Every structure is written in structure tokens, then in C-alpha cells.
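Residue numbers (this note's numbering): 134 to 451.
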């Protein structure tokens with residue numbers, strides 16, 4: 134296991150290095166903040182050169198890349214072009230709200246997907262099964278931003294039960310996230326992911342339930358609950374682990390749009406503002422963070438394979 138983890142981390146670092154190169158090239162292709170300043174007739178050419186020198190944009194691209202990588206290795210992601218704050222501090226200040234939103238949405242989507250996926254597989258080809266499959270397709274098909282607007286209209290505008298933006302009442306003392314502010318964004322994010330996961334879990338359970346060894350277990354008089362949760366579910370965990378390993382990057386990416394809609398002060402809102410303002414150090418840092426999240430999710434998923442299925446020999450996969 135230790136050898137396998139070391140190999141996966143090594144390959145992950147190589148992949149991450151390639152991502153940094155692509156990330157840097159793309160940022161250079163779309164331009165830089167000097168282009169925005171140059172469009173202002175009140176800014177002189179001398180001022181543009183001074184500003185480019187301060188930001189290090191007057192150097193060759195390959196030098197800028199190695200300077201950027203060197204700073205990252207020392208934990209320095211640079212400074213924002215707009216707020217002049219350290220990017221690392223900006224990420225840390227916006228990380229907690231995103232983790233709360235993602236963690237809540239992940240837990241809710243897991244419960245929904247596992248419960249309804251198993252229930253649908255056990256009651257296959259019944260009206261209850263068809264209803265769950267229909268709702269799963271509906272949840273997968275409806276865009277998250279549209280569902281967010283619908284829920285805001287009904288529960289915030291019409292009924293006034295839940296707030297439509299922010300994560301706490303500014304008039305209340307203390308910091309942190311208040312539950313009533315978390316309900317709408319977490320629900321939208323969870324439902325968007327649960328619709329697709331229900332179908333995967335249903336398919337995995339159906340495949341296991343049709344195996345010959347389960348018919349043998351059932352013929353021995355084993356109870357239905359034990360048959361499903363001890364024998365069938367345990368053997369269906371590998372595709373289920375895969376589904377939820379893929380869900381983490383999806384949640385991280387989906388939160389970008391939803392945080393903008395709900396004015397949730399997380400990494401997604403910060404990223405959107407940075408894109409609109411061409412704040413490249415912030416954009417590159419968040420892209421790098423997203424790549425790290427995806428790579429770690431894949432590594433953790435592979436490790437969990439050996440936990441849920443002892444027959445998996447990780448060391449022989451290379």
C-alpha cells in the first residue's frame with residue numbers, strides 16, 4: 134500500500150507540473166492587466182512600463198513561469214493585482230465557506246443517492262422504481278443555476294422562509310455559517326449531483342443482485358435486510374466509491390456558479406470576481422488548487438478500493 138501511494142503521488146506531481154505549464158500558457162494567451170490599463174487614454178506609456186516592471190510582466194514568459202513556480206514552492210502565490218493582498222491569505226479566508234458548502238452537499242447527496250439507489254434496485258420494474266429513475270433524470274438534466282433561481286423564487290421571494298444570499302445575518306453577533314443560509318445552496322448542489330449518482334448506484338446494485346452467489350445466499354434462508362446490506366451492498370461499494378470520488382471535483386467546480394448566484398463568500402465567488410477583473414495571480418492559484426483537489430480525490434478513491442475490496446492488488450496495477 135505504501136509503495137502504491139508513493140507511485141500515485143509521484144504520477145500526481147508529474148501531472149500537476151503539466152497542469153501548471155498549461156495554466157500559465159493559457160493565462161499568457163488571454164493577455165495581462167497591462168492591456169486593460171493601456172485601453173485607458175489617461176494612462177501614459179511610461180506608467181505602463183513602470184507597472185509592468187513592478188508586476189514582473191516585462192520579463193520573458195519562461196522566466197515568469199519559473200519565478201511563479203519558485204514562489205509557489207515557498208508557499209507564496211503572489212499578490213492580487215486588484216486588492217494587493219497576498220493570494221494565499223485570500224484563499225484561506227474563502228476556503229472555509231466553500232468546504233462547509235461542499236461538505237454539506239456531499240453528505241446530503243450521498244445519503245440521497247445510496248438510499249434511493251438501493252431502494253430503486255430492490256424494487257426494480259415497479260412504479261416506485263420508475264418514479265425514482267424519472268426524478269433522477271430530472272435532477273441530472275435541470276441546470277443547477279436554473280434550479281437555484283426556482284428555489285430562490287419560491288422559498289425566498291414568495292414564501293420568505295429562507296434567505297437568498299450570504300451565509301449569515303450581519304446583524305447577529307459572531308461569525309460562521311448559519312444553517313438557514315446554507316439550506317438553499319447546499320440543496321441545489323446536492324440535488325444536481327445526486328440525480329446522476331442514483332442511476333450509478335442502482336445499476337451497480339442490480340448487477341450484484343443478479344449474481345448467482347446471492348441467489349444461493351437467498352436460498353439458504355438469509356433475511357432480506359442482511360442479504361441487501363451485508364452481502365449485496367458490500368460488493369457494490371467499488372462502483373459506489375468511484376461515483377463519490379468523481380463527485381468531489383464536480384462539487385468543487387459546481388460551487389463556482391452557485392456561490393455567485395447565492396453570494397456565498399467562498400472560493401467560487403472569489404474566482405468569478407478574479408476572472409471578471411483579470412486578476413491572474415488569483416485565477417492561477419485557484420486553478421492550481423482545483424487540480425490538487427482532483428488529483429487527491431483520485432488517489433483517495435484508488436486507496437479506498439483496497440479498503441472495500443481486499444481482493445484488489447494495488448501493487449500489481451503497475
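All C-beta atoms in this analysis are idealised placements derived from N, C-alpha and C, irrespective of residue type, glycine included. It should be emphasised that the depicted structure is a prediction, and the values quoted were computed from it without experimental measurement.
Around the beta carbon of residue 349, fewer than 16 other beta carbons lie within 10 angstroms, which makes this residue exposed. As DSSP reads the structure, residue 193 sits in no beta bridge. Straight through space, the alpha carbons of residue 346 and residue 410 are spaced by roughly 60 Å. The beta carbons of residue 334 and residue 376 sit closer together than 8 Å. Judged by pairs of C-beta atoms under 8 Å, the region 311-330 touches the region 254-272, as three or more such pairs exist.
Put simply, the backbone Cα of residue 257 is about 26 Å away from that of residue 239. Excluding five sequence positions before and after residue 430, the CB atoms of its chain that fall closer than 7 Å to its own CB belong to 378, 381 and 382, given in chain order. Boundaries of the alpha helix (DSSP H) harbouring residue 351: 345-352, taken from the DSSP string.
Its chain contains 252 and 253 as the residues whose beta carbon lies nearer than 8 Å to that of residue 261, once the 5 sequence neighbours on both sides are disregarded; these appear in chain order. Taking C-beta atoms under 8 Å as the contact rule, residue 388 and residue 282 fail to qualify, at a distance of about 16 Å. A Cβ-Cβ contact shorter than 8 Å links residue 403 with residue 415. DSSP lists 212 as the bridge partner or partners of residue 219. In the structure shown, residue 203 adopts helical secondary structure according to DSSP, grouped into three states. In the three-state reduction of the DSSP assignment, residue 277 falls in the helix class, which pools H, G and I.
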